[in-house]
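Written out below as C-alpha cells is the structure these notes cover.
There are 2 protein chains.
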Amino acid sequence: MAELTGNILVAQSGGPTSVINASVAGVVTEAGKHGCIEEIYGGLNGILGILNEDLIDLNDEKAKAIEGLRYTPAAALGTCRYKIDFKKKPEKAALDMDRLFQVFQAHNIRYFFYAGGNDSQDTSHKIHEEAVKRGYEMRVIGVPKTIDNDLPHTDHCPGYGSVIKYNSATVMEVGIDVGSMATDDGSCCVIEVMGRSAGWIAAGTVLAKRGDPAAPPHIILLPEIQYRVDDVLAKVKQTVENYKYCIMVVGEGIRNEKGEEIGADATRLDAFGHPVLSGAAERIAEFIQGKLNTKTRTVKLGYAQRAAAHFASLTDSKNAFAVGEAAVKAAVSGLSGHMVKIVRHPQTDGSVQWGVDLQPLQDIANVEHFIPRDWISEDGFLPNEKFVEYARPLIEGEVRLLMEGGLPKFTVLEKNRVDKVLPPRA
Amino acid sequence: MAELTGNILVAQSGGPTSVINASVAGVVTEAGKHGCIEEIYGGLNGILGILNEDLIDLNDEKAKAIEGLRYTPAAALGTCRYKIDFKKKPEKAALDMDRLFQVFQAHNIRYFFYAGGNDSQDTSHKIHEEAVKRGYEMRVIGVPKTIDNDLPHTDHCPGYGSVIKYNSATVMEVGIDVGSMATDDGSCCVIEVMGRSAGWIAAGTVLAKRGDPAAPPHIILLPEIQYRVDDVLAKVKQTVENYKYCIMVVGEGIRNEKGEEIGADATRLDAFGHPVLSGAAERIAEFIQGKLNTKTRTVKLGYAQRAAAHFASLTDSKNAFAVGEAAVKAAVSGLSGHMVKIVRHPQTDGSVQWGVDLQPLQDIANVEHFIPRDWISEDGFLPNEKFVEYARPLIEGEVRLLMEGGLPKFTVLEKNRVDKVLPPRA
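Protein sequence lines correspond, in order, to chains A and B. Residue numbering for the first sequence follows our numbering, beginning at 11 and increasing consecutively. Residue numbering for the second sequence follows our numbering, beginning at 11 and increasing consecutively.
Here is the structure:
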C-alpha cells in the first residue's frame, strides 16, 4: 500500500465516557510517530462541528494536555448526537455528505477517526463508503466508545469498565451504609443506573458482591428481562427477611411483563401535561413502600456514572488509549472501513492480557449486543458466574489523577482554531 | 481528679458518614494507651443495641481491622435512630434510662462515648445528667458526627468534608460532561444532594467552581432561602444563554416562597394514595422542561454521597480520628458532659492547622447551626467567598484505600459478643 500523506481528523460522538479522551490521546500520540501525517486536527462537537468547519489544531496543544486527556472525563473535543440519516432525510443527508467531503478536501484530511457507539460507527461506515465512491483517498477507522457496552465483536467497549467500577464501588458503599442502619423493620435502597435496552451497566454491579450471596446488590433488574412486579416484590420481601435490608440495582429501561418501561408511566402527567418520567427506581420504590411497607430510598447516578473519572478503571483507560493508537496504525498501514476491537487473551495465572484487532464497520453499524441469556440466573434477578468472569478483569487498577486543592485537575484544551477556508454551511 | 478504673463503651448513632468509623478507631487507639481502661466495648446499633445488651469486644478485633476503620464507610458498629424521648414518652424514657444504667453497671462501663449528630448529643447529655443524678461514676463525652454539618460550636462536623469533596468532584465531572454535549439548544442537569433544613452540603459544591463564574455549578439552591420558582427559571434561562448549559445543585429540602418543600408535592398521589416524593431535583427539572423547554436530566446522589469512602477527604478522616482520641483523653482526665469540637487555626501561609477543644453538651443538644446569611450571595443562588474560605480546607487530601480486584476492601469487624449477664429487656 502506497504511503498516504496528509492530515488527520479525529472527533468524538454520542454520550461521553470517563475515558473517551484517552482514545483521542492515543490517536494524537500515535499520529505524532508517522511522517506521512502532517497536521493533527480535532473536529469540535463531532460531525456537527465538522459540517461547520469547526476544527482545532491538536498539535498546538501542550504535551501535558494530551497526557492529561488520559484521565479527563467527558468529550474534550465536544460531542453531538447528530445523525446523517439517509433513510429518513435522504436529501439533507446527501447535502451533509457533500459538505463533509468539501471540508475533508479543503483541509487535506486523509485520515478520519471517529470515536463513538453504534450510531457513530454507522456514520464512519457511510463516510468510508462515500470516500470509496467518490474516489477520494481517505482512510476511515472507527474507534469504539460506549458505556453501554453494546457494540458487537469487540470484547468490550472503552468506557464500560470505568462505569461498572464506579457503580460497583457505589453499590458496595451504599450497601454497607444501609446494612449498618438496618433494624428488624427492614430497609431498602434502589439504585438506578444507565442502560435503556442493554443491561451491561446494571449487571456489572454484581462485582460488588465478590461472590458473597449475602452481600449487596441482592437484586439486579436488567432491561433484557421482562419482570412481573409481584415477583420482584416477593424477592425483595425474602431478601429483607434474610438480611434485614435489600439493595437493588435497576437499569433505567427495565420493563414489566407486558414489555412496558417501568420508569415511564404514561398515565401520570406532570403540571405541564407531560408523562412523569421520574424513573425506574422511583417507581419500584413506590411499589416496595406501598405494597411491602418497607422504608425505601433511591439513588439515581445519572450522568455522574459515565463521568466519574475520579474512580476510573486503569484497564479501561489503557484500552481506550490502545484503540486510539491502533486506529492510527491501521490507517497508516493502508486499511479503511474498519473499527478497532479489543481482544481478550486469558493467561494461565488467571490474569488477562488485552490485544486489539479490526472488524469491518459493516459488521458493527447498528448491531446491538445484549447480555447472553445464559449469563443471567434463571430467575433473572442476578447475572451469574459467567458474567462475573467476563466483567471482573475490566475494573482492574485505578487511574491516578492530578489533584489540586482536594479536587481533580482535569485538562482543558486550548482549542486553537484551524482557519476556515469554506463559505459557511448552507 | 482521681483515676477512674473500668471499661469503656463506644457506640454510633444516626445516619452514617464516610469517616464515622475513623472516630471509633480514634477512641479505640487512644483507649489502649491508658491503664485505667480495662475493656473496650462497642455497642451495636447505638442506644438500641445497648438497651438489648448487644455489646462487642473491640479489644478482640485485629489491629489491622481497627486501622481499616479509618477508611471504611457506614457505621461499623451499626447505628440507629432511636431517641430517648422524655417529652413525648416520659414513661418509656424512664424505663430506657433504668435499663441503660443496668447495662452500664453490669459491664462496669465507666466511660461512654457516643458518636452522632444533634439527637445523639442530646442523648449523651441526658445520660451524663442521669449518671450525676444517680451518683454512678461514669464519664460521658460526645463525639461529633454528621454530614449535615449543623452542630454548633465546632468548626465543622466530621463527615462533612468528605461529602462535599465527593459531591464537588461529582458536580465537576457532570459539569464537563454536560458542557461537552452542549449545543445551541441548551441543556441542564439538576443534582440533588442531602440537607433537609441546613444547606451546608449543597453549598459545599461551590468548591467545584474554583472561583470561575463560568464553571459549574451555576446555581445552588439552599434550604435556608425561600425561592420563587420563576426567579429560579429566569436564572436558568440566563445561564443557558451565557454558557449553553446549566448545572444546578439543590438541597433536598429546598422551599418555595410559601415555605413549602418543593420536592414534596402533597397534591400528587402515587398508586397507593401516598404523596409523590420523587424529590426536589425531579420537580425543578419538570419546571425547566415544561416552562423553558430545555432538555434537563437529574442526578440524585442519595446515600451514595455519605458513604463515598472511595473519595473521602483526608483532612476529614484525620479530624474524625482526632475527635475520637480527644474524647478518650478528656474522659480520662476527669471530664464528663462535653462534646469534642474541632478548632481551626489558620496559618500565615494560608494553610490550616486543626485542633480540638471541648464544649458542654448542654450548649450542643438540639441546636441547629445554619449557614450565615452573609455567606450567601444576595440573590441566594450561590454561596460567596466567605463560604469558600470556610469550606475549602475541609476537602484537602485523599484517603488511601486498600483495594482488591479493582474495588475497595473495607473492614468488617468480627464482632465477638460480650456475654450477656442481664435478663432480656422487658
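Backbone N, C-alpha and C fix where the C-beta goes; we use that ideal spot for every residue, glycine too.
Secondary structure at Q248 of chain B: helix, using DSSP grouped into helix, strand and coil. Contacts with chain A at 8 Å (Cβ-Cβ) do not include G263 of chain B. The Cβ atoms of I405 of chain B and L232 of chain B lie no closer than 8 Å to each other. Contact between the segment 83-95 of chain B and the segment 28-42 of chain B is present, with at least three C-beta pairs closer than 8 Å.
Residue pairing for W364 of chain B: DSSP places it in a beta bridge opposite B:R354. Assignment of N266 of chain A by DSSP, reduced to helix, strand and coil, places it in the strand class. Taking D241 of chain B as the centre and dropping the five residues before and after it, the same chain places no C-beta closer than 7 Å to its C-beta.
Leaving aside the five residues that flank L302 of chain A on each side, the residues in its chain whose CB is nearer than 7 Å to its CB run, in chain order, L243, V246 and K247.
Bounds of the beta strand (DSSP E) holding T308 of chain A are K305 to K310. Rounded to whole angstroms, the Cβ separation of K155 of chain A and G126 of chain A is 6 Å, and the two are in contact under 8 Å.
Residues of chain B with a Cβ closer than 8 Å to the Cβ of D67 of chain A do not exist; the shortest Cβ-Cβ separation is about 19 Å. P393 of chain A is bridged by DSSP to A:I386. Looking only at B:T421, B:D429 and B:K425, the smallest Cα-Cα distance to M182 of chain A is reached by B:T421.
For F331 of chain A, the three-state secondary structure derived from DSSP is helix. G407 of chain B has a beta carbon lying within less than 8 Å of a beta carbon in chain A.
For N159 of chain B, there are no neighbours in chain A by C-beta distance under 8 Å, as the nearest C-beta there is about 16 Å away.
A Cβ-Cβ distance of about 11 Å is found for the pair H163 of chain A and A375 of chain A, leaving them out of contact under the 8 Å criterion. Put simply, the CB of S323 of chain A is near chain B, with a gap under 8 Å to one of its CB atoms. Here A317 of chain B is not near P100 of chain B, since their CB atoms are 8 Å or more apart. Under the 8 Å Cβ criterion, the segment 388-406 of chain A counts as touching the segment 205-224 of chain A, having at least three qualifying pairs.
D187 of chain A: member of the alpha helix (DSSP H) spanning Y170 to M191, first to last residue. Neighbours of V309 of chain A in chain B, taken as residues at a C-beta separation under 8 Å, are given in chain order as K310, L311, G312, Y313 and A314. Within the same chain, S323, T325, D326, L404 and I405 come within 7 Å of G171 of chain A by CB-CB distance, once the 5 residues on both sides are set aside. The closest CA to that of L432 of chain B, considering only B:K93, B:L217, B:L61 and B:H320, is found on B:L61.
Contact annotation: in the segment 189-212 of chain A, residues whose CB is within less than 9 Å of a CB in chain B are G189, S190, M191, A192, T193, C199, I201 and E202.
In the DSSP annotation of this structure, Q299 of chain A is not part of any alpha helix (DSSP H), being labelled neither H nor E. For the pair L417 of chain A and L217 of chain B, the CB atoms are nearer than the 8 Å cut-off. As far as DSSP is concerned, C167 of chain B takes part in no beta bridge. Beyond the five residues adjoining it in sequence on each side, E271 of chain B comes within less than 8 Å, by CB distance, of G263, I264, R265 and A290 in the same chain, given in chain order. In the structure shown, M258 of chain B adopts extended strand secondary structure according to DSSP, grouped into three states. Not a single C-beta of chain B is nearer than 8 Å to the C-beta of D384 of chain A.
In the three-state reduction of the DSSP assignment, E147 of chain A falls in the coil class.
When C-beta distances to chain B are compared with 7 Å, the residues of the segment 168-188 of chain A below that value are K175, S178, A179, T180, M182, E183, V184, I186, D187 and V188, in chain order. Residue-level contact by beta carbon fails for P434 of chain A and chain B, as no gap is shorter than 8 Å. Here DSSP, grouped into helix, strand and coil, assigns P100 of chain B to helix.
The Cβ of H320 of chain B sits closer than 8 Å to at least one Cβ of chain A.
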